[in-house]
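Have a look at the structure below, then the notes.
There are 2 protein chains.
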Amino acid sequence: MSSPRVTVLAGGVGGARLAHGFALALPRPSDLDVVVNVGDDTELHGLWISPDLDTVLYTLAGLNDEERGWGLRGETYATLEQMARLGEDTWFTLGDKDLATHVVRTAALRSGQPLSTVTARLAASLGVAPRLLPVTDDRVATVLTTPSGRLAFQEYFVRRQHADAVLDVAYEGLADARPAPGVLDAVTGADLLVVAPSNPFLSVEPVLGVPGVRDAVRARGEAGAGRRVAVSPIVGGQAVKGPAAQILETLGHEVSALGVARLYAGLVDVMVIDSADAHLETAIGDLGLDVLATDTIMGGPAGRERLARELLSAVGHALP
Amino acid sequence: MSSPRVTVLAGGVGGARLAHGFALALPRPSDLDVVVNVGDDTELHGLWISPDLDTVLYTLAGLNDEERGWGLRGETYATLEQMARLGEDTWFTLGDKDLATHVVRTAALRSGQPLSTVTARLAASLGVAPRLLPVTDDRVATVLTTPSGRLAFQEYFVRRQHADAVLDVAYEGLADARPAPGVLDAVTGADLLVVAPSNPFLSVEPVLGVPGVRDAVRARGEAGAGRRVAVSPIVGGQAVKGPAAQILETLGHEVSALGVARLYAGLVDVMVIDSADAHLETAIGDLGLDVLATDTIMGGPAGRERLARELLSAVGHALP
Chain A
206 MSSPRVTVLA GGVGGARLAH GFALALPRPS DLDVVVNVGD DTELHGLWIS PDLDTVLYTL
266 AGLNDEERGW GLRGETYATL EQMARLGEDT WFTLGDKDLA THVVRTAALR SGQPLSTVTA
326 RLAASLGVAP RLLPVTDDRV ATVLTTPSGR LAFQEYFVRR QHADAVLDVA YEGLADARPA
386 PGVLDAVTGA DLLVVAPSNP FLSVEPVLGV PGVRDAVRAR GEAGAGRRVA VSPIVGGQAV
446 KGPAAQILET LGHEVSALGV ARLYAGLVDV MVIDSADAHL ETAIGDLGLD VLATDTIMGG
506 PAGRERLARE LLSAVGHALP
Chain B
206 MSSPRVTVLA GGVGGARLAH GFALALPRPS DLDVVVNVGD DTELHGLWIS PDLDTVLYTL
266 AGLNDEERGW GLRGETYATL EQMARLGEDT WFTLGDKDLA THVVRTAALR SGQPLSTVTA
326 RLAASLGVAP RLLPVTDDRV ATVLTTPSGR LAFQEYFVRR QHADAVLDVA YEGLADARPA
386 PGVLDAVTGA DLLVVAPSNP FLSVEPVLGV PGVRDAVRAR GEAGAGRRVA VSPIVGGQAV
446 KGPAAQILET LGHEVSALGV ARLYAGLVDV MVIDSADAHL ETAIGDLGLD VLATDTIMGG
506 PAGRERLARE LLSAVGHALP
């Protein structure tokens, strides 16, 4: 049997971990495409920062800080400390090694290179074989409406530590964004398309919402192409990481794997839920979705690879 | 007697050290203005780097690496090492702390702030009381003609370690540059104007050559304003630091304090030479210059302060 091609639609940590699992599981890691959210991207200190791309990049390169979930292992903060001394507002933590990525990316973007091109170059430099694709080379900015007003993503997420209730999520630029080169092919051509256990509103929607992407996912179903799988980021009614639970709640959705399944019904074929949520299997099945209940909590690389193998196996691509 | 105001026209290390001497010697360090060359400035990795301004800034802040002469003490290089890993050409050494300066400056410049404004802010952040003035907010680029062709300044100076013979020096943008706010007042209003022991062609000429600056220095003489003093960067026929000796030679000048004095004759009143060159006193005097022969080799802060006090004393501003 030929090695299956997999495409993961990813946000930050959850997407990075599952993508890493596929990179480890697939006979050829280059058969993995990861389409990554850029709605969290921001400019700070004149540097262009793409947090989700970086989390996926560092994780696939094996350089990420596993304990913290983001950033690089063994970081130092000499530049940031000096920037504070120079009067800069340093609420967004930037490590010295991490800064190298931002400096290189910013210089490339300013010279007119698209984000997808510099991303590919960064990945190649770090020996990352899977293809990292920003979902778009255009600017998309996720903006949160909260009781304290509208907040830019990193303002909400990092500076205020996602403590504000989210009343609405908007995506500036999304309606006019064009899929980056390779994105639609990756969505269409994969044997397995996976919506990672990322935040449905903060990570997945700004990927699916790029004009053409959701339609391409839908078209796979009609064409009887390979299976489409979504992994719930909600386990036992709680988010594995981040504010997904609170946001589901304030936006009026059930805070459970069933609530997540309702968001993805009609778009994917299989909903992957945690064994702890096995009691939701029938209700999710009633939405017309196949259900795979398994251990979805990915710890280290072994747990990620196991989950990736289970997903492949569940859709008929059991690997040796 | 009121405290004298001093203005130093400076390049990098020599200018920084003498300026530091005045900052230590003057009762009020804020009575010191330092007008700094920007012909060495360059953009690398998308960051705007002003090496001479930084050397003066770090030296006046007491943060400079004394041993090396440039950069910050206790530097680390985590970002640069990671940039190399990302495929960047890292021949220009950038420390982690130093990068903070470049990041902050670049962001300010890109937001439309003039170099003089961000320079003042950086100086204030580091507690530097003297006024640091880039000679111009406009772009000036010193370019060297060598047997290997035309070389940008840092290409010549850092990358090729000033090993090429300099056949000609050009200053792109100089003829159209405007003095930064405060520069002409600093040149005109000081009780003592000092041309630092910096490279006459690489550091001093791109300062004097900004339209209006040389005229302002000349006008001081006509107006009978305070004295104008130049300190020779050549001692015993050799440059204290850098390629000044080779450049004097290849451009057809005598490689001696006398050769330097000929460059500044008509522009300054007093030539300060090292005691080792006392035998040149008569010849320099014949150029119409007063001569002060003293120990011009500034080691640490004490030596710098001593030289500054001697210069002040020589022009009638003996300090208690």
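Residue numbers (this note's numbering), protein chains in the order written: chain A, 206 to 525; chain B, 206 to 525. All C-beta atoms in this analysis are idealised placements derived from N, C-alpha and C, irrespective of residue type, glycine included.
Sequence-distant residues of its chain with Cβ nearer than 7 Å to residue i (five each side left out)
i, result
"residue 423(B)", "472"
"residue 417(B)", "384, 389"
"residue 444(B)", "438, 450"
Contact set for residue i: own chain, Cβ-Cβ below 6 Å, skip 5 residues either direction
i, result
"residue 274(B)", "218"
"residue 519(A)", "497"
"residue 364(A)", "296"
"residue 211(B)", "227, 237, 395, 397"
"residue 368(B)", "none"
"residue 515(A)", "499"
"residue 356(A)", "349"
"residue 460(A)", "442, 450, 453, 454"
Any non-hydrogen atom of the ligand ZN closer than 7 Å to residue i Cβ
i, result
"residue 241(A)", "This structure lacks the ligand ZN, and indeed carries no ligand of any kind."
Residue i - containing alpha helix (DSSP H), residue span
i, result
"residue 281(A)", "Neither: residue 281(A) is in no alpha helix (DSSP H) and is coded neither H nor E."
"residue 246(B)", "Counting along the chain, residue 246(B) falls outside any alpha helix (DSSP H), and DSSP gives it neither H nor E."
"residue 305(A)", "301-315"
"residue 454(A)", "449-455"
"residue 467(B)", "462-469"
"residue 427(A)", "418-427"
"residue 227(B)", "218-230"
Coil, strand or helix - residue i by DSSP
i, result
"residue 254(A)", "strand"
"residue 478(A)", "strand"
"residue 502(A)", "coil"
"residue 287(A)", "helix"
"residue 398(A)", "strand"
"residue 366(B)", "coil"
"residue 343(B)", "coil"
"residue 411(A)", "helix"
"residue 266(A)", "coil"
"residue 445(B)", "coil"
"residue 495(A)", "strand"
"residue 277(A)", "strand"
"residue 520(A)", "coil"
"residue 535(A)", "With chain A represented from 206 up to 525, any question about residue 535(A) goes unanswered, as that position is not in the structure."
"residue 337(A)", "strand"
"residue 234(A)", "helix"
"residue 319(B)", "coil"
"residue 405(B)", "helix"
Delimiting residues of the beta strand (DSSP E) encompassing residue i
i, result
"residue 211(B)", "211-215"
"residue 347(B)", "346-351"
"residue 356(B)", "354-357"
"residue 331(A)", "Per DSSP, residue 331(A) belongs to no beta strand (DSSP E) and is neither H nor E."
"residue 436(B)", "432-436"
"residue 488(A)", "Careful: residue 488(A) lies outside any beta strand (DSSP E), inside the alpha helix (DSSP H) at 486-490."
"residue 376(A)", "373-377"
8 Å CB neighbourhood of residue i in its chain, flanking five on each side removed
i, result
"residue 283(A)", "301"
"residue 262(A)", "306, 324, 327, 328, 331, 333, 337"
"residue 313(B)", "322, 323, 326"
"residue 479(B)", "437, 440, 441, 462, 498, 499, 500, 501, 502"
Cross-chain neighbours of residue i in chain A, by beta carbon under 8 Å
i, result
"residue 250(B)", "308, 309, 312"
Chain-ordered neighbours of residue i on chain B, where CB pairs are closer than 7 Å
i, result
"residue 305(A)", "284, 287, 288, 291"
"residue 396(A)", "Ordered by position in chain B, no residue passes the 7 Å Cβ test against residue 396(A), which lies about 32 Å from the chain."
"residue 500(A)", "Under the 7 Å cutoff, chain B gives no residues; its nearest Cβ is about 35 Å from residue 500(A)."
Neighbouring residues, chain A, relative to residue i (Cβ below 9 Å)
i, result
"residue 259(B)", "In chain order: nothing, as chain A lies at least about 12 Å away."
"residue 162(B)", "Look at the range of chain B in this structure, 206 to 525, and you will see that residue 162(B) is not part of it."
"residue 482(B)", "Ordered by position in chain A, no residue passes the 9 Å Cβ test against residue 482(B), which lies about 41 Å from the chain."
Cross-chain neighbours of residue i in chain B, by beta carbon under 9 Å
i, result
"residue 246(A)", "Neighbours of residue 246(A) on chain B: none; closest Cβ ~17 Å, over 9 Å."
"residue 369(A)", "The contacting residues do not exist; residue 369(A) stays about 27 Å from chain B at best."
What are the residues of the region 314-348 of chain B that lie near chain A, defined by any Cβ-Cβ distance shorter than 9 Å? 314, 315, 316, 326, 327, 329, 330, 331
By the 9 Å beta-carbon criterion, what residues does the region 442-460 of chain A contribute toward chain B? none
Closer than 7 Å, Cβ to any Cβ of chain A: which residues of the region 271-297 of chain B, in chain order? Close to chain A, meaning a Cβ-Cβ distance shorter than 7 Å, are the following residues of the region 271-297 of chain B: 281, 283, 284, 287, 288, 290, 291, 292, 293.
For the region 460-480 of chain A, enumerate the residues whose C-beta is nearer than 7 Å to any C-beta of chain B, in chain order. none
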